[in-house]
Each structure stands twice: as C-alpha cells, then as structure tokens.
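Since the structure comes first, as structure tokens, the remarks are kept for the end.
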Amino acid sequence: FSFLQEQLSYVLGLLLLLHSTDSFYVPGVAPINFHRNDPVEIKAVKLTSSRTQLPYEYYSLPFCQPSKITYKAENLGEVLRGDRIVNTPFQVSMNVEKKCEVLCNFPNKPVTLTVEQSKLIAERIREDYYVHLIADNLPVATRLEFYSNREEEEKKKEKDVQFEHGYRLGFMDGNKFYLHNHLSFILYYHREDVEESQEHTYRVVRFEVIPQSIKLEDLKADEKSMCTLPEATGSAPQEIDPTKENQLLFTYSVHWEESDIKWASRWDTYLTMSDVQIHWFSIINSVVVVFFLSGILSMIIIRTLRKDIANYNKEDDIEDTMEESGWKLVHGDVFRPPQYPMILSSLLGSGIQLFCMILIVIFVAMLGMLSPSSRGALMTTACFLFMFMGVFGGFFAGRLYRTLKGHRWKKGAFCTATLYPGVVFGICFVLNCFIWGKHSSGAVPFPTMVALLCMWFGISLPLVYLGYYFGFRKQPYDNPVRTNQIPRQIPEQRWYMNKFVGILMAGILPFGAMFIELFFIFSAIWENQFYYLFGFLFLVFIILVVSCSQISIVMVYFQLCAEDYRWWWRTFLVSGGSAFYVLIYAVFYFVNKLDIVEFIPSLLYFGYTALMVLSFWLLTGTIGFYAAYMFVRKIYAAVKID
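The opening residue of the sequence shown carries number 1253 in this note's numbering; numbering runs sequentially from there.
Structural data, given as structure tokens:
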C-alpha cells in the first residue's frame, strides 16, 4: 500500500537528515548510484497548461511509444494531482553521449500524423501545454537565460538564469503551429568519492532540456536510427498543419556534464525560482504590524476591562450599581444557548479537524519530510490526517453540544462527520464530472473515489462518533454565571454593529498578515510551481491564529457592551471575515494573473476556490470562536454577580 511505503520513506528521510545535517532538504528516497553505461530511465508525468488547468497523460498525444507501456503504481496524492507516470522509449545511459538518434522504431521512416492527431496537437500547442518528464525522480526544466549586458563577465551572466518546469510542447508563429520534435537532454552528474580500486559511481543532480523544432527534410536519418542535425542558422521548424496529414521525425540527443552540486541539494535549482527576499520582507512586515496592533488592542482591552471590573465590584455605591450599563447587564443572558446548536457545534468540530490537520501538515513539511521529491506526499498526508483528526473534531463538537443543552448526540455526531466533508465531496464530484467529460488525467478515477468514500465512512465517521461520545459524556464547559429564565430585550443597535460591517472590519487584519503568502500558494496551485516555503507558512499560520483570536475578542467585547448577547453565531461568522477577502483576492488573481478563457477551466477555478474559501472560513471562524468563548468566560468569572 503506497501510504505505508511513503511512511517508510519518511523514516528513511529522517535518518538521512540526521546523517547529513548540512543540507536543508530531506530526501524522500535514498539516492540511486549509477555506474558508467547504466541505463537512466526517463519517464513522463503529464502535460499541463495554466490556461486550461486540465492535465493530460503523456500518451494522450501521438508521441513515440515503447514496445510495452507500464504505468507506475501511484499514491493517493499523485492520482488527485493528475500525475500518470509512465515509461518512454528514450534510451539514456549514464555518462554516454548521443549526438542525434531517431526515437520511433523505424530508422528512417517518418511518423505520419492523421488529420485528427494533427488537429489535437495544434490545439494543445494553442492552449500552451507543457510536457513534464522525470529522470531519476528529477523533473525536467528548460533553461531561460536573460543577459542584462552582453559585455559583462561570465559570473554576471550566471545570475540571470531562470528555469521553467517542463518544456513547451510547441510554439505558434502567426496562425501556424510548430511542434518541438527534437529534444536535447542535458544531464548533470555528481561523481561520488570511492576507494581507488572501485569503479566510479555517479548520481544525477540536474535534468535540463532544450526543445527544438526541426523540419523533416533537414533531419537526415540513416538505417541505424542515427541522424544529423542541421546547422542552427539554416534549419526550418517543423510545422503541424491541422487540416492535413503531417510527416515528421521524433529525435533526441543526450549530453552529460559533471557538476559540483551534491545529491542532497539537487532540488535547489527548482526551488529557487521565486524570490525569497520578498518573503522575508512580507513576514517581518506582518509580524511587526500584527504585534503592534496586538499590543495596542491588548492594552486597551485590559485597561478597559480592569476599569469595568473595578467599577462593577464596588459595592459601596449601591445607587450607581442600579443604573449600571455595559457588558455586566447581560450576565443573565450571555450564556443562553443559540439557535441551531447542533449545526454550530458540527461546524466548529470540522474547524477543529481542519486546524489540527493544517497544523500537523505544515509542521511536518517544515521539517522537510514532505519535500517536492516525494510526489503527492503532501496531499496523501493531508487526506489521511483529516480522517484521523475526526477524533478531536468529534470530541470538541460533542462537548460544546452538551454545553449548549443539546440532547441528540448521535444525530449531532452524524452531522459533524458529514456536513463539511459532504459539501466538499459534492462540489468535487460535480467538478470531476466535467473533467471526465474532457478526458483529462486530472479526473479522479472511479476506484479512487470509492476508496475515498470508504475512508470517509470507514475511518473518519467512526472516529468522529468515538470522539463525540467521549466529548458528550465529559463535564460540559462550566459557565461562571447562571442564565435567566426570561430573555432580556436587546436595544436597537448602531449601524456599525451590523454583521456585514463586522465581517468587513474583522477580516482586514488576518488577511493583511498573510496575503503575500497567498500569492505564492495560488501560483503553486494554478501555475504548476513548486511550493516549499513551509517555514514561512508556519510563521504566517501562527500570525493568523493570533490576529484572528484578537479581532474576535475585540468584536465580542464591543457587542456585549452594546448589550447584544447573541454572540455565538456572530463570533463564528465575523471571525471568518478574512475568507471574504480571500474570495475577492481569488477573483483578482483570476482576472489579472491567469489567462483562462474557456468555461470548464473557469468553473474548475471557482469551484476549487469556493472549497478553499469555505475551509478557510471554518478554520478562522473556529479559532475566533474559541478565543471569544474563553474571553467571555474569563470576564464574567471576574465580576461579582448577586
């Protein structure tokens, strides 16, 4: 079972980390040592495009196929991401150069593409598709060089190298389509230190490709599958005409170079694609802003509260006490159970489940155990953790439901286990139907869907019931004041005490603290970048928790001062206000950063965004609710009430 394999690889990774503490990256698997002439297998992962958001498997296009196609057994995360790792006919041997070789089995007989196939390739080129290959688990990258000044030294030139994931399938010039049919692989190896008597061992440390489009007539192939490349200046590109059959040759060349890069830091090339400095500035900015505001808020609240409590506890002036105002007035109603306590406790249970899952995933990833080299590990871990965290979700939901005078614990447990996951599953299922219709590899296969349902009803549901049972049996939270029989009347509220105004006001601070990180997360999801800055993410997560808690406390304090005691639902809604800003940011990102034009990609984008916003609202709402609840219990415990 792939999950167990992954767990073993994490343990291996940890041991490796302890063995070599100088490298920042924990490998997902042990390194593979090659001798000269050993085969280095090149596999294909998928085709992706940030314009359509629909991944396709490699052989959905008429590329040359090996005699036997074998797919790698994949873990849950890889399946959900749309990876379909498969072997290819490229013959690459360690440290053996190849000038130019024809890929398909017929030495000098060109491949003929039918009109249908030509149309499909032209369409994929127009949609800006990239091909992703891997060699020794390293993804292929295309080098993009920007020379700031031609005359400068070589060192200066090095700085302007950037890498792009995968390589472009082809390019357009006017209304004509050109296919990259020749691939020049450049593989870098690191020579390992061995004893003199032993044969040298090599490790692959970088995998680059230079894709070229070369016309059939310019590629001269002989009987032995060898070919000669034309001079760079005089060659014409290979055009694909979607209205007729096309003839072409698929060719490749292999070049090896020695490199100083150690195996442990071979992923650095792929991960230094985004600017780390921006991150430091944004984090320091967020920390300063949040702590500054936290300090101010805490001081104001503590001073005001002390004053309030001192006033309320003065018993000498009885007449003043008769005409008291503010939050003490509502002491007989502040713990009155709200409407729909079952739904509230269920949503908070799911929020706790999400909170535990996100905290553990970010922490484990920060230690380097979910690095990009262990493909799909992040997604797999998140899914399993969410299932297992059902115990905590159930426990907190059950205890709160009991506190809110609920009686039907079985129904409450069922609601907790199915409300949020049911919405997620429903949205994903509908989106999946659309992806199926497009024959994309991003569609979750039916067996995987059944497996996910079995996990939900076989692991998550029983665990939620177990947690709920113990939470419901436990002593309810003790509220420091008794609730009156008759609810008191709520005075008319000012305009700024409106729910929606509250949501807008409360969302600004938490969103401001994390919005730069949000940009990087979005580009990782929608533009096929690697996201690896989990240390930063962990800091941002802590800042988010602090800012949500504080805003929530301030809002609930104002509300109680206005003698409005219906704070349960309101705190939950208002604390999740930053989710509203995340939604606005997602729309802004869609309009400005992505050039998605078709209906289905847009539907996918907004469908998944809706899920993200919902989850984020549950998470921040839960954090805010528990902070406010603790605060309310503390302040009412501090005043003397007759």
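Cβ atoms here follow ideal geometry from the backbone N, Cα and C, with glycine treated the same way.
Residue i versus residue j - alpha carbon distance
i	j	result
Trp1579	Phe1774	42 Å
Pro1279	Lys1514	With a pLDDT of 45 at Pro1279, under the threshold of 50, the modelled position of that residue is not reliable, and the figure given next carries that caveat. Distance between the alpha carbons of Pro1279 and Lys1514: 12 Å.
Arg1333	Gly1628	7 Å
Lys1559	Ala1890	12 Å
Ser1345	Leu1683	43 Å
Lys1408	Glu1309	With a pLDDT of only 49 at Lys1408, under 50, the local geometry of the prediction cannot be trusted, and the value read off the model is given with reservation. Looking at the two C-alpha atoms, the distance is approximately 39 Å.
Gly1829	Ile1836	12 Å
Arg1654	Met1766	35 Å
Gln1811	Val1539	28 Å
Arg1822	Val1392	50 Å
His1452	Leu1846	47 Å
Arg1232	Phe1666	Since the displayed the chain opens at 1253 and closes at 1894, residue 1232 lies outside it and no answer follows.
Cys1635	Trp1688	22 Å
Ile1848	Phe1842	8 Å
Arg1885	Val1798	19 Å
Tyr1419	Val1363	21 Å
His1287	Asn1347	9 Å
Met1618	Ser1693	30 Å
Val1461	Phe1763	40 Å
Ala1473	Ile1466	13 Å
Leu1365	Phe1771	41 Å
Val1541	Ser1517	35 Å
Lys1657	Thr1556	32 Å
Ile1200	Ser1598	Outside the shown range of the chain, which is 1253 to 1894, sits residue 1200, and nothing can be said about it.
Thr1480	Leu1439	21 Å
Phe1686	Glu1375	19 Å
Leu1713	Lys1726	20 Å
Val1865	Leu1637	20 Å
Leu1718	Gly1710	13 Å
Cutoff 7 Å: residue i Cβ touching any chain D Cβ
i	result
Lys1845	This model lacks chain D altogether, as it is built from one protein chain only.
Buried/exposed call for residue i, threshold 16 Cβ in 10 Å
i	result
Val1839	exposed
Leu1256	Note that Leu1256 scores 37 on pLDDT, short of 50, meaning its location in the model is unreliable and no value can be drawn from it.
Asp1274	Only weak support exists for where Asp1274 lies, its pLDDT of 32 falling under 50; the coordinates are left without a value.
Trp1747	exposed
Ser1550	exposed
Gln1737	exposed
Gly1664	buried
Tyr1441	buried
Ile1548	exposed
Met1574	Any reading at Met1574 must be qualified, since the residue scores a pLDDT of 48, below 50, and its modelled position is unreliable; no value is offered.
Lys1298	buried
Trp1820	buried
Thr1449	Looking at the sequence itself, residue 1449 is Ser, so the reference to Thr does not match. Label assigned to Ser1449: exposed.
Trp1661	buried
Assigned secondary structure, residue i (DSSP; H/G/I helix, E/B strand, else coil)
i	result
His1507	strand
Pro1226	Here the chain covers residues 1253 to 1894 and nothing more, so residue 1226 does not appear.
Thr1903	Look at the range of the chain in this structure, 1253 to 1894, and you will see that residue 1903 is not part of it.
His1384	strand
Thr1480	strand
Leu1908	Past the boundaries of the shown model lies residue 1908; the chain is included only from 1253 to 1894, so the question cannot be answered.
Tyr1881	helix
Gln1464	strand
Asp1816	coil
Asp1568	Because Asp1568 carries a pLDDT of 49, less than 50, the predicted location of this residue cannot be relied on, and the following value inherits that uncertainty. Looking at Asp1568 - three-state DSSP - the assignment turns out to be coil, as it is neither helix nor strand.
Tyr1277	Unreliable positioning characterises Tyr1277 in this predicted model, as indicated by a pLDDT of 42, which lies under 50. The coordinate reading is nonetheless provided below. In this structure, Tyr1277 counts as coil in the three-state DSSP scheme.
Phe1587	coil
Thr1495	coil
Pro1391	strand
Val1849	coil
Glu1397	strand
Ser1854	helix
Residue i and residue j closer than 7 Å at C-beta
i	j	result
Val1733	Tyr1888	yes
Ile1377	Phe1788	no
Cys1316	Phe1502	yes
Ile1492	Ile1373	yes
Ile1679	Leu1863	yes
Tyr1720	Gly1674	no
Pro1902	Gln1305	Outside the displayed span of the chain (1253 to 1894) sits residue 1902, for which this structure offers no information.
Leu1606	Ser1801	no
Gln1745	Ala1814	yes
Val1792	Met1807	no
Pro1318	Pro1341	yes
Checklist entry - Whole beta strand (DSSP E) runs in the segment 1295 to 1366 with 3 or more residues, listed along the chain? => result Uninterrupted beta strand (DSSP E) stretches at least 3 residues long and entirely within the segment 1295 to 1366 occur at 1350 to 1354, 1363 to 1365, given in chain order.
Checklist entry - What are the start and end residues of each continuous alpha helix (DSSP H) run of 4 or more residues lying completely inside the segment 1758 to 1813, in chain order? => result For the segment 1758 to 1813, whole alpha helix (DSSP H) runs of length 4 or above, ordered along the chain, are 1786 to 1813.
Next on the checklist: Just to confirm the assignment: which complete alpha helix (DSSP H) runs, minimum length 4, are found wholly within the segment 1667 to 1735?
Outcome noted: 1698 to 1707, 1713 to 1725
Next on the checklist: In chain order, what are the residue ranges of uninterrupted alpha helix (DSSP H) at least 4 long that sit wholly in the segment 1595 to 1645?
Outcome noted: 1629 to 1640
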